[in-house]
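Enquirer:
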Amino acid sequence: MRAPSFIRFIVVGMLILPVEGLCGDPAGLESLLFQEIPSVFTASKTDQEIERATAVVTVITDEDIQRWGARTLYEVLKRVPGFFPSSQATWTLTGSRGLTSDGNDHVLLLIDGHVQNSIIGQGYQQQDMLPILQKVKKIEIVRGPGSVLWGSSAVMGVINIITKDGDGGEESDHTSVAYGARDGMLNANFIRTLGSPGGELSGIVSLSYWESKGYNRPDKSGDGTAWDSAEADNVEGNVEFPWGRIGDWPPIDQHKDGWEIYSKIKVGTAHEFLARVAESRVVYPWDTWMNNPGSELTMRKTYLSYKHNKHVNEKVSINSTIYGDILLQNRFPSYAELFRSGEGDNRDHMQDQSNEERAFGAEFAATLNFTNSNRAIAGLKAVRVMVGPNRDSRFDIAENTPTSTDYPYIGVESGYDNTLAAYFEDTWDFNNRRTTAFLGSRLEYNDFREEKAVLLPRGGLIHSLTDNLTMKYVYNSGYLRPNAVYSKTSGIIVDENRGPNQDILLVDKSERIQNHEVQIYLKDRRNYAGINLFYMMIDNYISFDANNLPQGYKNLGEAVSTGFELEARRQLGERWNLYGNYSYVKAELDNSQHQGALTNDKNQTLNYPRHMYNLGCSWVNRGNNTLNLNLNGWRDMYIVKPLNSEGSGGEFGYLAGEMYFDVDYRFNRLFHSSLELSIFCMNMFDNTDEIGMIVNNGVWYPRGRNIGLSLGYYW
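Numbers 1 to 715, taken from UniProt numbering, label the letters of the sequence shown in order.
1. Measuring only the C-alpha atoms, how far is HIS308 from LEU368?
2. Check whether the Cβ atoms of ALA376 and GLU450 sit closer than 8 Å, and answer yes or no.
3. Under 8 Å Cβ to Cβ from SER477, same chain only, skipping five residues before and after it: list those, please.
4. Quick check: the Cα distance between ILE326 and GLY657, rounded to an integer number of angstroms?
5. Is TYR306 closer than 8 Å to GLU296 when the C-beta atoms are compared?
6. Where does LEU465 land, buried or exposed, given buried means 16+ other C-beta within 10 angstroms?
7. Would DSSP call ASP426 helix, strand or coil?
8. Who are the near neighbours of TYR660 in its chain, counting only those whose CB is closer than 7 Å to its CB and skipping five residues on each side?
9. List the DSSP bridge partners of SER673.
10. By a C-beta neighbour count over all protein chains shown, 10 Å radius and 16 as the cutoff for buried, is LYS78 buried or exposed?
11. Please classify PHE438 as buried or exposed, where buried requires at least 16 neighbouring CB atoms within 10 angstroms.
12. The beta strand (DSSP E) with VAL507 in it runs from where to where?
13. Terminal residues of the continuous beta strand (DSSP E) containing TYR449?
14. Please list, in chain order, all residues of the same chain as SER202 whose beta carbon is under 6 Å from its beta carbon, the five residues on each side excluded.
15. Less than 8 Å separating the beta-carbons of SER87 and ASP253?
16. From this set, ILE531, SER510, ASN527, which residue's C-alpha is nearest ILE520's C-alpha?
17. By the 10 Å Cβ neighbour count, where 16 or more other Cβ atoms means buried, how is ASN372 classified, buried or exposed?
18. May I ask which residues mark the beginning and end of the beta strand (DSSP E) holding TYR475?
19. Excluding the 5 residues preceding and the 5 following SER320 in the sequence, name in chain order all residues of the same chain whose CB lies nearer than 6 Å to its CB.
20. Decide if ASP601 is buried, meaning its Cβ has at least 16 other Cβ atoms within 10 Å, or exposed.
21. What separation, rounded to the nearest whole angstrom, lies between the Cα atoms of TYR215 and TYR479?
22. Does the stretch 90-108 come close enough to the stretch 151-165 that 3 or more CB-CB pairs lie under 8 Å?
23. Taking DSSP's pairing of strands, which residues face TYR209 in a bridge?
24. What are the complete alpha helix (DSSP H) segments, minimum 4 residues, inside the stretch 35-69?
25. Helix, strand or coil: which one does DSSP assign to GLU200?
26. Please state if the CB of LYS213 and the CB of ASP183 are separated by a distance shorter than 8 Å.
27. Can you tell me whether VAL115 is helix, strand or coil according to DSSP?
28. Going by other Cβ atoms of all chains shown within 10 Å of its Cβ, with 16 needed for buried, is PHE685 buried or exposed?
29. Provide the residue span of the alpha helix (DSSP H) that contains TYR582, from first to last.
30. Assuming SER563 contacts SER583 (C-beta within less than 8 Å), just tell me the rounded distance between them.
31. For LEU578, which option in THR42, ASP64, TYR535 has the closest C-alpha, if you only look at C-alpha atoms?
32. Counting C-beta neighbours from all protein chains within 10 Å, is the total for LYS452 16 or more, i.e. buried, or is it exposed?
33. State yes or no: is the C-beta of GLY82 within less than 8 Å of the C-beta of ARG71?
34. Using a Cβ-Cβ cut-off of 8 Å (strictly less than) and excluding sequence neighbours within five positions of ARG575, which residues of its own chain qualify?
35. Quick one: what's LEU133 bridged to in DSSP?
36. Taking SER147 as part of the alpha helix (DSSP H), name the residues at either end of that continuous run.
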């Protein structure tokens, strides 16, 4: 069978981009990408050249973010091979390599190496929006598992957001504000650099604010008008609602006002302090009606971290980290609304929720240089999380009584979650350092969510075929411990008839992943290109099962994901830069009971496209103003058709694909190099075809044409 023409066009075009690099070392300016990214850290917890990193890594620079006009991490991940951002009822989801789970606990999010994921909530939840990216220096993205070095949740990817250093150079105090007309996203940021004349002190303090009205359907506006009750029978144009009237669905990507204060301070090369205080709020349609402000889900996160680097001698250095975290999640409906009489199907019950976790931990990692060709890293980590006090009550409003047999109380008992881990990785260079072999493992124990120890291995071989061409094989293992709410050992379900009952909780095993990858990588001063083939096996896959009773989070059996990813970039002279990527994936869940909710009749996973592509070019004029054109989209996706008003539906369907065209033009350093203006247009041709899916494991909802601008001022 012949490949679709668009696939042939993308593959051939990407192979042509870097051909010049195979013929030698062309003269001219170095590629901007590799001027700014001499090494990556996240793959091995040591600095490595990107082509010799012990994992498959994509790096996004601050220049990339500005050139693309990306405002959020969601918009950045649209351009990264191996990731498919979609939406859930409340927050955006991060799918990877054919699988999208309800929640973001399959991807580990770091800011300057500090974990943002929750052990009560699902991953990093709405923190994934991170609508303020001005403080970002680069984003290192490990595609595939990374649990040997980073622990639980580093299952399908690790995203490490590395902030600016504030150590001089071109960095300076900066103020910016941006607005998008279609989604109403308003964000503002102020960055103060802290560099000292002698260079001993460096750092930044960043203050951010954001809010977004989100995307309603075309020609609709206001709360609850993302969908129309008159169209309930049209399953193609609507999504399944948790319950209640169809008009109660909030706009996609809606965010109430949120804010963040972030600081990174370095004293010399030995000391680093990190601090973050953030609050974000989203409309939460589950167990509520929309117009009660207290029913919004509010997340507050704060932490302090201190890192110390000590060079013991030429062969040994020790990095020590101590930190403390507090995470609060609250929904407090007002007393009057909580106990009012029910009116209509959407006022059957209300949820009153408060979850809290307080963590403190320490990690010690030693870098050992045995010889010029043999080095290792060894680490110990201990984390103690105080879970609770927690409250999660549902009220039958008509009866003014808490809970009911139809809507049980689901929560987690207060307790202490202790995790101890030890890891080690040894690396050898051979053949005049053209060949590198590495082998590592992690032993980790937890006593609250799982009560067991696990051993995780990884290893690989990297070989430079020429000075520009490198080939690597990497085996990595991933591990996802269930969160405290739906874990069988720590969660609890209570209803008025049965009382406490943990038998209903269905997640009693952790998810395990084995991942094999082969990558061929070309890099020189003007080009890079890579092709990556992967085979991923998943045991005890954890996700929400809406197809079988009792509904809820379960171990859904075994899954397999196979595919390949292409990416390339080429510098043309001093002005033009071409880039692109393409990915193909096929994922299957070996359990026919989930057909119609998670898989089709061939057990292929739903709500994730088979083909994804991203092509673009950037042009810089003599005034350093930048024009960026980008074409991105996907093809071939099976979806779940939603339930209609009669309760029928839940069948799977097929979508051919969508394509979007984005434009960004940036005026750089106007008026004595102080002012910067960027004008962007996302989805220029206003592709707004409506697509309906079951919400739990991802909704693809086309965002309409969004025109906006960003204004920055350098002090």
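We treat Cβ as the ideally placed atom computed from N, Cα and C, and that holds for glycine.
Expert: Taking the structure as given:
1. 17 Å
2. no
3. Around SER477: PRO145, SER147, VAL148, LEU456, PRO457, ARG458, ARG512, ILE513, GLN514, ASN515.
4. 42 Å
5. no
6. exposed
7. strand
8. ASN632, GLY633, ASN683, ASN687
9. None; SER673 has no bridge partner.
10. Classification for LYS78: buried.
11. buried
12. Careful: VAL507 lies outside any beta strand (DSSP E) and carries neither H nor E.
13. Checking the displayed sequence, the identity of residue 449 turns out to be Arg instead of Tyr. Looking at the DSSP string, ARG449 is not in any beta strand (DSSP E), and its letter there is neither H nor E.
14. ASP165, GLY166, ASP167, GLY195, LYS266
15. yes
16. ILE531
17. With fewer than 16 Cβ atoms within 10 Å of its Cβ, ASN372 is classed as exposed.
18. 469-480
19. HIS308, PHE364
20. exposed
21. 35 Å
22. yes
23. DSSP output for TYR209 lists ALA188, TRP259 as bridge partner(s).
24. 62-68
25. coil
26. yes
27. strand
28. With fewer than 16 other Cβ atoms from the protein chains shown falling within 10 Å of its own Cβ, PHE685 counts as exposed.
29. Segment 576-589 is the beta strand (DSSP E) holding TYR582; no alpha helix (DSSP H) there.
30. Note on residue identity: the sequence assigns Gly, not Ser, to residue 563. About 6 Å; that satisfies the 8 Å criterion.
31. ASP64
32. exposed
33. No; because the gap between Cβ atoms is not below 8 Å, this pair is not in contact.
34. TRP619, VAL620, ASN621
35. None; LEU133 has no bridge partner.
36. 147-150
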